[in-house]
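Asks: In my numbering, the protein residues as written are 28 to 170.
So, in structure tokens, the structure goes:
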């Protein structure tokens with residue numbers, strides 16, 4: 028459930044979901060996929076949460092109950108009473124990959140504050156969706 032919500036996990040086969048796109052995350056050479064799997068999250072933890080993942084989790088939970096509360100019911104729902112809707116999750120993911128992960132990035136791009144600040148809300152949003160959907164799926168399975 029977590030993987031399908033990371034946009035580059037449903038990215039393009041031609042670049043292996045960003046694994047063949049070499050970029051620089053600030054001064055560190057990375058592949059784009061790793062930036063989305065790890066670097067953006069770790070940078071946010073360091074800058075905003077004193078390297079404490081619990082602070083980030085709390086912030087995402089606050090967004091779920093406040094800012095995104097009107098969207099949660101839609102995130103939890105699966106069409107035709109299916110247990111999970113991977114087709115929907117993947118479609119959202121590739122849209123996020125195109126609109127945010129790949130956008131403005133080419134081989135050897137230097138990704139710094141502008142990229143970080145503009146993409147972090149997407150990371151939070153996809154983490155929230157994945158968490159809500161995992162909970163809803165487990166509730167459907169175990170009632």
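Ideal Cβ positions, reconstructed from N, Cα and C, are used throughout, including at glycine.
Can you tell me whether DSSP reads residue 133 as helix, strand or coil?
Replies: Residue mapping note: residue 133 aligns to position 106 of the chain shown, counting from 1. Coil.
Asks: Is it true that the region 64-79 meets the region 142-161, where meeting means three or more beta-carbon pairs spaced less than 8 angstroms apart?
Replies: Short answer: they touch.
Asks: Let's test the definition: count the other Cβ atoms within 10 Å of the Cβ of residue 91 and tell me whether it reaches 16, buried, or not, exposed.
Replies: Translated into the one-based positions of the chain shown, residue 91 becomes position 64. So residue 91 counts as buried.
Asks: So, are the CB atoms of residue 83 and residue 72 less than 8 angstroms apart?
Replies: Within the chain shown, the letter at position 56 stands for residue 83. Within the chain shown, the letter at position 45 stands for residue 72. Cβ distance < 8 angstroms, so residue 83 and residue 72 count as in contact.
Asks: Could you spell out where the beta strand (DSSP E) holding residue 62 opens and where it closes?
Replies: In the chain shown, residue 62 corresponds to position 35, counting from 1. Run containing residue 62: none; DSSP gives neither H nor E here.
Asks: Who does residue 49 pair with in a DSSP beta bridge?
Replies: Counted from its first residue, the chain shown places residue 49 at position 22. DSSP output for residue 49 lists 58 as bridge partner(s).
Asks: Does the distance from the C-beta atom of residue 105 to that of residue 96 stay below 8 angstroms?
Replies: Numbered from 1 along the chain shown, position 78 holds the residue referred to as residue 105. Numbered from 1 along the chain shown, position 69 holds the residue referred to as residue 96. No, these two residues do not count as a Cβ contact at 8 angstroms.
Asks: Considering only the alpha carbon of each residue, which of 159, 29, 30, 151 lies closest to residue 100?
Replies: Locating residue 100 in the chain shown gives position 73, counting from the first residue. Residue 159 is the option with its Cα nearest to residue 100.
Asks: Taking C-alpha atoms, which residue in 123, 168, 166 lies nearest to residue 39?
Replies: Here residue 39 refers to the residue found at position 12 when the chain shown is read from its first residue. Residue 123 is the option with its Cα nearest to residue 39.
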